Amino acid sequence: MENIIPVLWVGVAIVLLLFMTVKMKLHSMIALLLIAIFVAFMEGMDTVTLVKTITKGAGSTLGGVGLVIVLGAALGQLMTDCGASKKIADTIVAHCGTRTLRWGVMFVGIIFGISMFFEVGFMVVVPLVVSIAKEAKIPYMYLIIPVLAGVAQAHSVFPPQPGPVALVDAFGADSGMVYLLGLVVVIPSVICAGIILPRFLKGLDTLAVPKLGNIDENSLKSFKLPSFAICLLIPLLPAVFMIGHTIIANFVAKGTFVYTTFEFLGSPNVSLLVAVLVAIYVFGIRAGRKISETSDTISSAIKGISTVVMIIGAGGVFKQVIVDAGVGQHIAAAVAGTSVSPLILAFAITVVIRWATGQGAVSAITAAGIVAPLIPVFNVNPTLLMLATAVGSNTITMPNDAAFWMMKETFNLSMGQTFKTWGLLELVNSVSGLAVVLILSLFI
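Going by the numbering used here, the sequence shown opens with residue 19, and the numbers climb by one from there.
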């Protein structure tokens, strides 16, 4: 019983969070801070310790992911403003016939999901894919589902996106292995959600084509863009550096010049900074833009992401309260003698928090504080636990989720149609992703 009461208080806090954000329409950042304080008092934490916990939670979370989020947003915006994103999408689609068009846009979604924040990727790919569907004379939703499946799943699994970065930091997972095993998880799950699922959905061809703002192609033509390969390589540079560090670490002795160089370049902050600097030159100066224009682009990206950063910081406070109150240890003690898989438990906890908060990154960060103590108890692979938590943060969303309303309002869907398309897409993404993680756990 002593292990159950602390967990129940967290459950009550999540219900309160749902009430405050959905019914009261309170800002998520304030709601998260309030329930963090509530849990702290219910767990018997004194005020002096609570103040230190709040500072530690916000500081450690933003210190670990804040710069990465901002640099990632800047990279995505630089690609979008100069037309590099459009070039990547157009080139991939141009090499796909009508039969393989869904596969082409699916991989476009995965690439953009790695390199862009979800909202940015959504707003970039949707007009492109709708226009492609018109030209190919295909019902647009047959292409929208695979491209958004790719964006959402890649955004939830791969650094430098905020949720994955926080999970890698919390679980001590290897970033390179996250990319390597993440691909094994992402590709099958996106195929299930983006390619197979639409075959079973009726009425997709009757949905009216939405009126969307078109990209000004004339303004993009004035920029001198590099080849498709270079446009594709730059957003993937962080992945290249992180995977390179993982490979080098297995073959080169620590302390050598090669090892320390890749260790430095393979860190999330540095790898993103290098990618942004290269993007400023290639997509800015070399493309015919002034440095001041690229600075305006970066400023715009920072403004767009600032609210998300603050919400993530508040989520970090909630996570730290859970950690300092020992809730994770109580859960570990409660399930230590059971046959419950820690991967399934991590997934389920993250799903519930995602439903309550409507924030994928916040659910991942909060769940990390709860499930991290399971690693030594079950001797579970940190990378697999990270992936199980990550796919749990990308599940069927509720009306308190911004992504839900983006889908509904962009395509003028009813609530039922939104659950049928976006909701099922996300549900299949997460469940199939967990299935792949469980299969991997049999061999790793």
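Using N, Cα and C, we set each Cβ at its ideal position, and we do this for glycine too. Computed from a predicted structure; not experimentally measured.
Where residue i falls: helix, strand or coil (DSSP)
i, result
"residue 288", "helix"
"residue 399", "coil"
"residue 153", "helix"
"residue 144", "helix"
"residue 307", "coil"
"residue 271", "coil"
"residue 61", "coil"
"residue 87", "helix"
"residue 460", "coil"
"residue 105", "helix"
"residue 46", "helix"
"residue 159", "helix"
"residue 324", "helix"
"residue 357", "coil"
"residue 348", "helix"
"residue 135", "coil"
"residue 100", "helix"
"residue 117", "coil"
"residue 343", "coil"
Minimum Cβ-Cβ distance from residue i to chain C less than 8 Å
i, result
"residue 361", "Reference to chain C is not applicable here, since this structure consists of a single protein chain."
Residue of the options minimising C-alpha distance to residue i
i, options, result
"residue 133", "146, 102 and 163", "102"
"residue 324", "89, 63, 450 and 359", "89"
"residue 46", "419, 462, 444 and 244", "419"
"residue 28", "340, 456 and 297", "340"
"residue 314", "95, 111 and 48", "95"
"residue 158", "441, 444, 429 and 127", "429"
"residue 220", "413, 434, 372 and 258", "434"
"residue 402", "87, 93, 195 and 31", "195"
"residue 259", "193, 205 and 140", "193"
"residue 226", "152, 63, 345 and 57", "152"
"residue 253", "139, 422, 70 and 453", "139"
"residue 465", "98, 269, 131 and 281", "One cannot answer for residue 465 here, as it falls past the ends of the chain, which runs 19 to 462."
"residue 244", "285, 223 and 300", "300"
"residue 48", "317, 328 and 413", "328"
"residue 81", "358, 184 and 165", "184"
Rounded separation between residue i and residue j - CA only
i, j, result
"residue 388", "residue 191", "16 Å"
"residue 255", "residue 383", "25 Å"
"residue 44", "residue 50", "10 Å"
"residue 263", "residue 293", "16 Å"
"residue 295", "residue 288", "10 Å"
"residue 451", "residue 416", "20 Å"
"residue 170", "residue 160", "16 Å"
"residue 38", "residue 424", "21 Å"
"residue 406", "residue 52", "28 Å"
"residue 113", "residue 137", "27 Å"
"residue 242", "residue 147", "23 Å"
"residue 463", "residue 33", "What the structure shows of the chain is the stretch from 19 to 462, and residue 463 is not part of that stretch, so it cannot be assessed."
"residue 426", "residue 441", "11 Å"
"residue 68", "residue 125", "45 Å"
"residue 249", "residue 308", "19 Å"
"residue 439", "residue 279", "45 Å"
"residue 372", "residue 330", "13 Å"
"residue 360", "residue 396", "7 Å"
"residue 272", "residue 42", "54 Å"
"residue 332", "residue 75", "8 Å"
"residue 369", "residue 377", "11 Å"
"residue 54", "residue 62", "13 Å"
"residue 431", "residue 274", "57 Å"
"residue 281", "residue 224", "52 Å"
"residue 347", "residue 60", "16 Å"
Whole-number beta carbon distance between residue j and residue i, since they are thought to touch under 8 Å
i, j, result
"residue 78", "residue 334", "7 Å"
"residue 460", "residue 202", "In fact, because the Cβ distance is near 13 Å, the residues do not count as touching under 8 Å."
"residue 162", "residue 144", "7 Å"
"residue 156", "residue 119", "7 Å"
"residue 25", "residue 408", "Residue 25 to residue 408, Cβ: 22 Å. No contact."
"residue 110", "residue 204", "That belief does not hold up - the Cβ atoms of residue 110 and residue 204 are roughly 17 Å apart, past 8 Å."
"residue 180", "residue 87", "5 Å"
"residue 306", "residue 364", "Not really, about 48 Å apart at Cβ, beyond 8 Å."
"residue 167", "residue 212", "4 Å"
"residue 189", "residue 393", "7 Å"
"residue 337", "residue 386", "6 Å"
"residue 97", "residue 319", "Not quite, the Cβ-Cβ distance comes to about 11 Å (not below 8 Å), so this is no contact."
"residue 448", "residue 399", "Residue 448 to residue 399, Cβ: 19 Å. No contact."
"residue 316", "residue 92", "5 Å"
"residue 165", "residue 177", "With 8 Å as the limit, residue 165 and residue 177 do not qualify as a contact, their Cβ atoms being about 21 Å apart."
"residue 197", "residue 257", "5 Å"
beta-carbon residue i near the ligand NAD non-hydrogen atom, thresh 7 Å
i, result
"residue 295", "For the ligand NAD, the structure offers nothing, since it holds no ligand at all."
Please specify which runs of the alpha helix (DSSP H), each continuous and at least 4 residues long, are wholly inside the region 173-250, giving them in chain order. 180-189, 193-208 and 235-239
Which ranges would you report for the beta strand (DSSP E) in the region 365-448 if only whole runs of at least 3 residues count? With a minimum length of 3 residues, there is no unbroken run of beta strand (DSSP E) contained wholly in the region 365-448.
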